[in-house]
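Engineer:
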Amino acid sequence: KEAVAVLRKVGAWSDILKVYASKHTRAGVGKMRNRRTVMKRGPVIVYDKDNGVKKAFRNIPGVSLLSVERLNLLRLTPGGHVGRFVIWTESAFKKLDALYGTWSKKSQEKVDFNLPQPIMTNSDLGRLLKAFEIQSVLRAPIKRQARRKVKKNPLKNIGLMSRLNPYAAVQKRQTLLRQLKGRRTGTTAETKAAARKARSHESIRAKRLSGVNLVKKTKTQKDAATKKTTTVTTKTTVTTKSS
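So for the sequence shown, our numbering puts the first residue at 248; every next one is plus one.
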């Protein structure tokens, strides 16, 4: 009764009524494993010393009890959601400074423990950057950006080659004139080779028309032809003498 009266006094009884209304049967198979019903979480009570606090609040659904020396983050923020109603006893709230320390002094009960402190005392970054004290020591902004120049190839760029070799333009002009002159007179290497090939084809064609045998004879064939000619000459000589 005293626990219910305390909850009504601090305005937490409405949360207990929500817990009563949220009781329902579990959707999964856990209802067959002695976990048949589920309900929402109610307020959590943090105490320093257990002087009958656990027994007083243990029969009220949705209420969790925590010792200030053993705070559980999963109980303070069930499901990772911040905003659970936390009720502190006076002794537990006063013990926080000695237990966790402050920003100015260390903890008395924990060894070398300090509360995490923010690096920036003022989080208004836009106002800080526009302040005169900071703007006066900053360097001027670089408005003109230095872009990377494209490296040109002097073998393909005649302008760059002329700067490296002033005579390059004259050499190129002479080469072009020489090539143009060769095309006009037909004295280029390709033209000469084509003319030479045409002349060889014409000579072969003329020999074929005149009946000349163009097949190359081997050394044996040449020796046989020479021997045959010698025999014919000898026979002719003998016939002449006998007559």
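Think of the CB as a built atom: it goes at the ideal place given N, C-alpha and C, for glycine as much as any other residue. Treat the numbers as computed from the prediction; the structure is a model and nothing was measured.
What's the C-alpha gap between I292 and H328?
Structural biologist: Approximately 17 Å, taken between the alpha carbons.
Engineer: In terms of DSSP beta bridges, what is S310 paired with?
Structural biologist: Note that residue 310 is Val in the sequence shown here, rather than Ser. According to DSSP, which records beta bridges pairwise, V310 is partnered with nothing at all.
Engineer: Is H448 helix, strand or coil when you go by DSSP?
Structural biologist: Looking at H448 - three-state DSSP - the assignment turns out to be helix.
Engineer: Buried or exposed for G373, please, with buried defined as at least 16 other CB atoms from any protein chain shown within 10 angstroms of its CB.
Structural biologist: Exposed, since its Cβ has fewer than 16 Cβ neighbours within 10 Å.
Engineer: Run through DSSP, which three-state label would V276 get?
Structural biologist: If DSSP states are grouped into helix, strand and coil, V276 belongs with the helices.
Engineer: Grouping DSSP H, G and I as helix and E and B as strand, with all else coil, what is V285?
Structural biologist: It is a strand residue.
Engineer: Taking G309 and K342 to be in contact with their CB atoms under 8 Å, please state how far apart those CB atoms are, rounded to whole angstroms.
Structural biologist: At roughly 25 Å, the Cβ-Cβ gap does not stay under 8 Å, so G309 and K342 are not in contact.
Engineer: I believe L312 touches F304 by the beta-carbon criterion, under 8 Å. Please report the beta-carbon distance rounded to the nearest angstrom.
Structural biologist: Correct: roughly 6 Å between the Cβ atoms.
Engineer: Curious, which full-length beta strand (DSSP E) runs of at least 3 residues does the segment 379-408 contain?
Structural biologist: If we require 3 residues or more, the segment 379-408 turns out to have no beta strand (DSSP E) run fully inside it.
Engineer: Hey, L320 and R331 are a contact pair by Cβ (cut 8 Å); roughly how many whole angstroms apart?
Structural biologist: So it is not a contact: roughly 11 Å between Cβ atoms.
Engineer: Give every residue of the same chain whose Cβ lies closer than 7 Å to the Cβ of N369, excluding the five residues on either side of it in the sequence, and list them in chain order.
Structural biologist: Excluding sequence neighbours, N369 sits near L375.
Engineer: Identify which residue in R273, R283, W350 has its Cα closest to the Cα of D359.
Structural biologist: Checked all of R273, R283, W350; the closest Cα to D359 is W350.
Engineer: How many whole angstroms separate the CB atoms of A250 and D295, which I take to be in contact at a CB cut-off of 8 Å?
Structural biologist: Contact flag wrong, Cβ pair sits at about 17 Å.
Engineer: In this structure, does DSSP put W260 in helix, strand or coil?
Structural biologist: W260 falls in the helix class under three-state DSSP.
Engineer: Report all residues from its chain with a CB closer than 8 Å to the CB of Q355; omit the five preceding and five following residues, and keep chain order.
Structural biologist: Once the five neighbours on either side are set aside, the close Cβ partners of Q355 are A345, L346, G348.
Engineer: For V479, which residues from the same chain have a beta carbon less than 7 Å from its beta carbon, with the 5 sequence-adjacent residues on both sides left out?
Structural biologist: Low per-residue confidence applies at V479: pLDDT is 47, beneath 50, and the placement is therefore not dependable, though the value from the model is reported in the following sentence. Counting only Cβ-Cβ distances below 7 Å, and skipping sequence neighbours, we find nothing.
Engineer: Would you tell me roughly how many angstroms separate the C-alpha atoms of R395 and L385, rounded to the nearest one?
Structural biologist: When rounded, the distance between both Cα atoms is 26 Å.
Engineer: Which runs of the alpha helix (DSSP H) fall wholly inside the segment 318-358 and span at least 4 residues, in chain order?
Structural biologist: Complete alpha helix (DSSP H) runs here, min 4: 320-323, 337-347.
Engineer: Between the alpha carbons of L461 and Q426, how many angstroms are there, rounded?
Structural biologist: Unreliable positioning characterises L461 in this predicted model, as indicated by a pLDDT of 49, which lies under 50. The coordinate reading is nonetheless provided below. The straight-line gap from Cα to Cα measures roughly 39 Å.
Engineer: Where do the N-terminal and C-terminal ends of the beta strand (DSSP E) with V293 fall, by residue?
Structural biologist: Element bounds for V293: 291-294.
Engineer: Here's a check: name, in chain order, each residue in its chain whose Cβ is nearer than 8 Å to the Cβ of R282, leaving out the five neighbours to either side.
Structural biologist: Contacts found: R273.
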